[in-house]
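Here the protein sequences come in this chain order: A and B.
Quick note on our numbering: the first sequence kicks off at 48 and runs consecutively.
Quick note on our numbering: the second sequence kicks off at 4 and runs consecutively.
Where is the CB? At the ideal position from N, CA and C, for every residue including glycine.
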Amino acid sequence: MASSASTGTAAAAAATGSCSPFASLSDDIVLNILAKLEADPRHLARLACVCSRLSSLIRTVCYRSICSRSLPADLLPSPTEAAAAASSWPSLYKLSVCCPGLYRAGVLLEHSDFGLERDIGPHLTFPVGSSSSSSSSSSDLTNPVPPIPSDAGVSCWSLFDDLYFDTIYDPSEVEDVSFVPIDLPPGESPVTVGSVVSKWRKQQWAGPTNSHLASGLWSLSREQGNKLLASRFKSDCLYICDWPGCVHAEEKRKYMLFRGVFKNFKRSRVWKTIVDSNRGKIELSCAFCACRETWDLHSAFCLRRVFGFHDDGEPVVRAYVCENGHVSGAWTDRPLFA
Amino acid sequence: MAKMIKLVSGDGAEFEVEEEVAFQSKIIKDIVADADDVIPLPTVSSKVLIQVIEYCRKHAAVNSFPLSPSSSAAAAASSSSSISYSKPVSDPALRAWDNEFVKLNNSSLFDIVIAANYLDIEELVDLVLETVADRIKGKQAQEIRRQFNIENDFTPEEEEALRRENSWAFQNN
């Protein structure tokens, strides 16, 4: 049987192995087969592990095609960016379809990693007018934290929350709390300096803890990202998946796992905050790239201050970001105030 | 008397087929328009050409004499659609025939899709692509390699990196 006229075949024969029937197919035909496997994102991911020819076609052509259709145009890398980083399209594809799982969303970490917050106490009880080292944030005090968004996108809000915050909520309190210096007991090393070996919660988990195919929509939006970050970061472009993300019902509470990415992370205010405050990384690797460590956005005070804690010290929302701007995290239902 | 077209395979075998059967191939339809009734197909072996002709004969018959108004309406609708792939065959009996037709090993299937692609027989290309895709779905990488006799040409480091990147996809839930 003579080979087809397509130029993709000779290289294909060398790459796929001459004894495989796949070698006789041109790239066009193989891509048409791959196009029929788009409905379930796992198919292409598995195929990318089969051989270098399929891996190359999938990671450069297929992922690009799918992401171009499913993600906001703003998020797509330019041709030069994509050429410079081979992982651009694979990371974006994974971000759109893969839930980081309880492990990579940091849910398995011990609450004491948030101990820094607990030393201050919940922000609601912090006295008004306390001293603050707000020199680095003087410009922010002129921008009050905006009122809690009233749109129903975050379903964990209830009428009780609105009533409570209408009476208690004070933007200036929130700003002060952000920059109070912490005095730790002597001998206890600060959690945030240098890399810390993460401590893991000892409990049984009902559902899968590893990364898996996400339930819900396989896309990202900036609107969701705006709901997560504190107001002074509103110029940063954070795209995260739609609410409620991938829902994991555990015994004690439900976790709504989300994933996302900052556009131009190194030029973002969040990045500047992390760098300026010299925050240490956590040994929690990114679910979406090769980064082995991430920063905790909650203890870096990048998340909206209204998110507090549950009675057992677990934060209502947590998020972790890697150096490439990939974000993994988890919402929980806000505790109702009786 | 139906007009006959002569197709000549790469190994020199000649096949006379009715015009409407041959015209399942858009390429042949175009060539014949230039008043050529003998069409050499040097890249198609007689074994594969026989199978392709069999498919075309079956589909020409159904397209000429639709079994029900709904199947012809669906066929008309799909042919005017702008989507270039995945036109589902509406007639259940024809679908069943197609499913039997593609019960072939991978090599034979690939030979057919290459020929059908060359001859531009869209429905046959689509049928084979669907069949191959179905043989891939649900399988892990190692099974796919075994099924299609594909060599694992990754270095251990590459393979480990890919496994780390894609292990989320290995579950079947």
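Measure the alpha-carbon distance for residue i versus residue j and round it to whole angstroms.
i                 : j                 : result
Pro88 of chain A  : Cys288 of chain A : 16 Å
Glu154 of chain B : His357 of chain A : 53 Å
Leu331 of chain A : Ala261 of chain A : 20 Å
Ala144 of chain B : Phe173 of chain B : 9 Å
Ile30 of chain B  : Glu22 of chain B  : 13 Å
Arg306 of chain A : Cys338 of chain A : 15 Å
Leu72 of chain A  : Ser134 of chain A : 26 Å
Arg100 of chain A : Asn175 of chain B : 24 Å
Glu17 of chain B  : Lys9 of chain B   : 7 Å
Cys96 of chain A  : Ser102 of chain A : 6 Å
Thr178 of chain B : Ser315 of chain A : With chain B covering only 4 through 176, there is no way to say anything about residue 178 of chain B.
Leu97 of chain B  : Ser266 of chain A : 38 Å
Gly153 of chain A : Trp100 of chain B : 53 Å
Ala132 of chain A : Gly372 of chain A : 14 Å
Leu285 of chain A : Arg381 of chain A : 22 Å
Phe354 of chain A : Glu270 of chain A : 18 Å
Gly141 of chain B : Ala334 of chain A : 23 Å
Met7 of chain B   : Ala25 of chain B  : 9 Å
Glu168 of chain B : Cys369 of chain A : 16 Å
Phe104 of chain B : Asp129 of chain B : 13 Å
Glu160 of chain B : Arg149 of chain B : 21 Å
Gly254 of chain A : Pro362 of chain A : 20 Å
How would you label residue i, buried or exposed, when you count the other beta carbons within 10 angstroms and need 16 or more for buried?
i                 : result
Asp33 of chain B  : exposed
Cys66 of chain A  : exposed
Met303 of chain A : buried
Thr158 of chain B : exposed
Ile86 of chain B  : Confidence is the limiting factor: at Ile86 of chain B the pLDDT is only 36, short of 50, which leaves the residue's position unreliable and the question unanswerable from this model.
Ile139 of chain B : buried
Glu126 of chain B : buried
Thr127 of chain A : exposed
Val65 of chain B  : buried
Skipping 5 residues on each side, what residues in its chain have a beta carbon closer than 7 Å to that of residue i?
i                 : result
Gln27 of chain B  : Cys59, His62, Ala63, Ile124
Cys349 of chain A : Leu276, Ala277, Phe280, Val317, Thr320
Leu104 of chain A : Asp74, Val77, Leu78, Leu81
Val51 of chain B  : Asp114, Ile115, Ala118
Cys114 of chain A : Leu123, Trp136, Leu139, Tyr140, Ser143
Arg44 of chain A  : The structure shown does not extend to residue 44 of chain A, since chain A is modelled only from 48 to 385, so the question has no answer here.
Cys293 of chain A : Cys146, Ala261, Ser262, Gly263, Leu304
Ser258 of chain A : Cys145, Cys146, Pro147, Gly148, Arg151, Ala334
Give the DSSP-derived three-state secondary structure of residue i in the structure shown.
i                 : result
Asp343 of chain A : strand
Cys98 of chain A  : coil
Pro126 of chain A : helix
Ala366 of chain A : strand
Trp171 of chain B : helix
Arg351 of chain A : coil
Cys59 of chain B  : helix
Trp136 of chain A : helix
Lys328 of chain A : coil
Cys109 of chain A : helix
Val23 of chain A  : Summary: the structure shown does not reach residue 23 of chain A, with chain A confined to residues 48 through 385, and so no result is reported for it.
His373 of chain A : strand
Pro255 of chain A : coil
Phe280 of chain A : helix
Glu85 of chain A  : coil
Ile287 of chain A : strand
Glu361 of chain A : coil
Arg93 of chain A  : helix
Leu107 of chain B : coil
Ser142 of chain A : First, the amino acid is wrong: residue 142 of chain A is Leu here, not Ser. In the structure shown, Leu142 of chain A sits in a helix (DSSP, three-state: H, G or I).
Pro43 of chain B  : strand
Phe18 of chain B  : strand
Phe335 of chain A : coil
Phe26 of chain B  : coil
Leu260 of chain A : strand
Assuming residue i is part of the alpha helix (DSSP H), what are its boundary residues?
i                 : result
Arg98 of chain B  : 95 to 104
Arg151 of chain A : 148 to 151
Arg316 of chain A : 316 to 323
Leu130 of chain B : 125 to 139
Cys270 of chain A : The sequence given here places Glu at residue 270 of chain A; Cys does not occur at that position. Start and end: 269 to 275.
Ile153 of chain B : It is not in any alpha helix (DSSP H) - Ile153 of chain B carries neither H nor E in the DSSP assignment.
Lys178 of chain B : The requested residue 178 of chain B is not part of the displayed model; chain B covers only 4 to 176.
Val308 of chain A : Counting along the chain, Val308 of chain A falls outside any alpha helix (DSSP H), though it belongs to the beta strand (DSSP E) covering 301 to 309.
Along the beta strand (DSSP E) that carries residue i, what are the first and last residues, could you check?
i                 : result
His295 of chain A : 293 to 296
Val11 of chain B  : 7 to 12
Output needed for residue i: all residues of its chain with C-beta closer than 6 Å, excluding positions within five of it in sequence on either side, in chain order.
i                 : result
Arg300 of chain A : Thr379
Ala366 of chain A : Leu344, Val374, Gly376
Trp247 of chain A : Leu155
Using C-beta distances below 8 Å, list every residue in its chain close to residue i, excluding the 5 sequence neighbours before and after it, in chain order.
i                 : result
Leu264 of chain A : Cys288, Asp289
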